[in-house]
Structure formats: C-alpha cells, structure tokens
Amino acid sequence: AIHRQGLDELRSLLDQAEVWAGAAAPAPAEAQADDHVTVKALLSALNLDHELPQLPSDRVDRVLLHPVAGSIILAVLLFLLFQAVFSWAEAPKDAIESGMAWLGRQVGLGLPEGWFHSL
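Going from the sequence shown to my numbering is simple: count from 1 and add 771.
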C-alpha cells in the first residue's frame, strides 16, 4: 500500500464483509459438555464403552475436580497446611530457642570477663 500497488484489491476485499468478518464464536462450555455426554451415550449404545481406559486417576479427578467436594477438600488441605506451619511448628521452634540459649550460656562460661563477654 506504500507504493499504491494492490490498493484496489485491498479496497475490493474490504467491501466484501464476508471475507473479513470475524470467525464464528466458539461453542459454549455447555455445548462441549453435551458433546461429551453424546459421545459416551453413543459408545454405550454400541457397546464400545469398555474401550475407554478407566484409570485410577479418573476417579481421583472426579472427586477433586467436583465443584463442591473439590472445594471442600482444598479448604481442608489449606487449613491443615496452615496448622502445620503455624501451630505444629511451635514445639520445634521452642526447642531450637532453648537449645540456642543453652549454647550461649555454655559459650559465655568459657569467655573471660570483658566487652566480648557482655555480647
């Protein structure tokens, strides 16, 4: 278009709305879910549903990806993680603090009096 070559062809294409009109909108999620149900029904009707692999992870996915049960399981796991970090860590934290205090006292006993001992 800089050298005006192809400008007439471009204008004629712009006049044809069907050429540059946007692509069709993608199918909504419900239609895709309906397609899966239809395929499973067809496979069952043809007695081919046993051909689909039934993996143990399919059962786990069915539970964990459920809108209600999956959300509850996630909330429980996050609560347990929070408890592990903040509540259950108290005992090891106290043990470390008392161990460091004991070590500081032991080292302090061996130091001579002076400015270094007061640290």
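Positions of the beta carbon are idealized from the N, C-alpha and C atoms, including for glycine. Remember, predicted model here, so these are calculated numbers, not experimental data.
DSSP places residue 877 inside the alpha helix (DSSP H), whose first and last residues are 861-881.
Pairing residue 835 with residue 844 gives a Cβ-Cβ distance under 8 Å. Separation of residue 860 and residue 887 (C-alpha to C-alpha, rounded to the nearest whole angstrom) is 33 Å. For residue 887, the three-state secondary structure derived from DSSP is coil. Taken atom to atom, the span from the alpha-carbon of residue 819 to that of residue 849 is near 41 Å.
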